[in-house]
Amino acid sequence: MRKIIVPILAILFMSCQKDDVKPNTESAPVIEALNDYAIVNQIFQDVGNNSGDAVLNAENTSTAKTSKTKTVEPIITVEPLDFTTFPKTITIDYQDGVLCKDGVTRKGIVTIVSTDWYRNEGSEHTTTFNNYYHEGFKVEGTHYVKNLGENQDGNLVFNVIIENGKITGTSGETIDYTEDSTRTWVAGSDTPLNIWDDEYLLDGTQSGISSKGVEYSLTVEDPLHFVLLPRSIASGILNIDAGNINDIELNYTESTITILGTTFPW
């Protein structure tokens, strides 16, 4: 996601005299806010993917999984260890650091409390963090997911709420984040043990405060089509308000950015 923000930075700093659009010093905090958003959004999207993956894997094993190879892997425990008793607590312990398949090093503990299995309508999954780090960023907050059942196309739909989300960087700067969205699982549901072929549509709102105190909010105008591997957004439209710059439109379908009424390709 961070790479997708880069064209915005170029446009805000480029010479736009021909369109009478000139950047100013007030743009710098806005640009930083957009970069902060890119970081925090990517981290919490990864949290959702990995938490769902942990619940799905727990459903397909009758014993707690531990690493017994020379390769360092997260230690996953399931309590109670059966297929019928709920609520169930799933703990993912990344120990002092695990390099995962997506190239991200994670450490610390992620705890998921589930009221039922992930694919069952009405199931709820609440994720919290204990000294958990995504690369060098400390992650805090509550990540809540509820299975809303299948839509008319037969795809599972999930409500995602993030409360008190906070990312702390290596120098102590913090980024606040909240989210209320829906995720529609449009591909990969037939291979529940492999999240890397998953695709989903994201709709809803996200907001927060950047490390410099700039408020930002994002609204999905047309659902964003996320592909996990390689990580990308295939289509959709996202509207952004950040600081003193409003109505920024990222159009992933047309590969355009509209700022201050002027549309640019990327």
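Numbering-wise, the numbering used here comes out as the position in the sequence shown, counting from 1, plus 1484. Idealized CB from N, CA, C, for every residue including glycine. None of these values were measured; they are calculated from a predicted model.
Beta carbon of residue i nearer than 7 Å to that of residue j
{"i": "TRP1669", "j": "ASN1631", "result": "no"}
{"i": "LEU1722", "j": "LEU1734", "result": "yes"}
{"i": "ASP1664", "j": "GLY1633", "result": "no"}
Rounded distance between the beta-carbons of residue j and residue i, thought under 8 Å
{"i": "GLU1563", "j": "SER1694", "result": "Wrong, their Cβ atoms sit about 38 Å apart, outside the cutoff."}
{"i": "THR1662", "j": "ILE1646", "result": "6 Å"}
{"i": "GLY1532", "j": "VAL1644", "result": "6 Å"}
{"i": "PRO1749", "j": "THR1742", "result": "Not quite, the Cβ-Cβ distance comes to about 11 Å (not below 8 Å), so this is no contact."}
{"i": "PHE1710", "j": "GLU1683", "result": "6 Å"}
Within-7 Å CB hit, residue i to chain B
{"i": "TYR1661", "result": "Of the chains in the structure shown, none is chain B; there is only one protein chain."}
Residue from the options with nearest C-alpha to residue i
{"i": "THR1658", "options": "PRO1676, GLU1624, PHE1748 and GLN1690", "result": "GLU1624"}
{"i": "SER1673", "options": "SER1655, VAL1641 and ASP1687", "result": "VAL1641"}
{"i": "ILE1593", "options": "THR1575, ASP1725, ASP1586 and ARG1603", "result": "THR1575"}
{"i": "PRO1558", "options": "GLU1738, LYS1591 and PRO1513", "result": "LYS1591"}
{"i": "TYR1736", "options": "GLY1653, LEU1708 and ILE1724", "result": "LEU1708"}
{"i": "ILE1651", "options": "THR1675, HIS1618 and ALA1671", "result": "HIS1618"}
{"i": "SER1655", "options": "GLY1620, TYR1684 and ALA1671", "result": "GLY1620"}
{"i": "THR1589", "options": "HIS1627, THR1568, GLU1605 and TYR1616", "result": "TYR1616"}
{"i": "THR1561", "options": "ALA1542, GLU1705 and ASN1604", "result": "ALA1542"}
{"i": "TYR1628", "options": "GLN1636, THR1747, TYR1684 and SER1607", "result": "SER1607"}
{"i": "THR1703", "options": "SER1716, ILE1732 and ARG1715", "result": "ILE1732"}
Beta-carbon proximity list for residue i, same chain, < 6 Å, skipping 5 on both sides
{"i": "TRP1680", "result": "LEU1712 and LEU1713"}
{"i": "SER1535", "result": "ILE1596 and THR1611"}
{"i": "SER1701", "result": "SER1691 and ASP1725"}
{"i": "ASP1520", "result": "ILE1659, SER1694 and SER1695"}
{"i": "ASP1705", "result": "For the sequence presented, residue 1705 should be read as Glu rather than Asp. Closer than 6 Å at the Cβ level, and outside the excluded window around GLU1705, lie ILE1721 and ASN1723."}
{"i": "GLU1605", "result": "ASN1631 and GLY1633"}
{"i": "ALA1671", "result": "GLU1683"}
Classification of residue i by the beta-carbon crowding that lies within 10 angstroms, buried from 16 upward
{"i": "VAL1556", "result": "exposed"}
{"i": "ASN1525", "result": "buried"}
{"i": "GLY1692", "result": "buried"}
{"i": "LEU1677", "result": "exposed"}
{"i": "GLN1529", "result": "buried"}
{"i": "GLY1649", "result": "buried"}
{"i": "ALA1718", "result": "exposed"}
{"i": "LEU1686", "result": "buried"}
{"i": "LEU1518", "result": "buried"}
{"i": "SER1546", "result": "Confidence in SER1546 is poor, its pLDDT being 45 and thus under 50, which makes the residue's placement unreliable; the coordinate value appears in the next sentence. It counts as exposed."}
Nonlocal neighbours in the same chain, by C-beta distance under 7 Å from residue i, ignoring five residues either side
{"i": "VAL1514", "result": "VAL1698, ALA1726, GLY1727, ASN1728 and ILE1729"}
{"i": "ILE1675", "result": "For clarity, residue 1675 is Thr in the given sequence; the question names Ile instead. Result list for THR1675: ASP1681, in chain order."}
{"i": "PRO1571", "result": "VAL1597, SER1598 and THR1599"}
{"i": "CYS1768", "result": "Coverage of the chain is limited to positions 1485 through 1750, which leaves residue 1768 absent and any answer about it impossible."}
{"i": "ASP1537", "result": "ILE1679"}
{"i": "ASP1577", "result": "PRO1558, ILE1559 and ILE1593"}
{"i": "PRO1527", "result": "One detail in the question is off: residue 1527 reads as Ile in this sequence, not Pro. Hits under 7 Å: HIS1618, PHE1621, VAL1623 and ILE1651."}
{"i": "THR1569", "result": "none"}
{"i": "ALA1512", "result": "none"}
Neighbourhood of residue i by C-beta, 8 Å cutoff - its chain only, sequence neighbours within 5 removed
{"i": "PHE1613", "result": "GLY1592, ILE1593, VAL1594, THR1595, VAL1623, GLU1624 and GLY1625"}
{"i": "VAL1539", "result": "ILE1574, ILE1596, SER1598, TRP1601, TYR1602 and HIS1609"}
{"i": "ASN1544", "result": "PRO1676 and LEU1677"}
{"i": "ASN1635", "result": "VAL1641 and THR1668"}
{"i": "VAL1582", "result": "VAL1556, GLU1557, PRO1558, THR1589, ARG1590 and LYS1591"}
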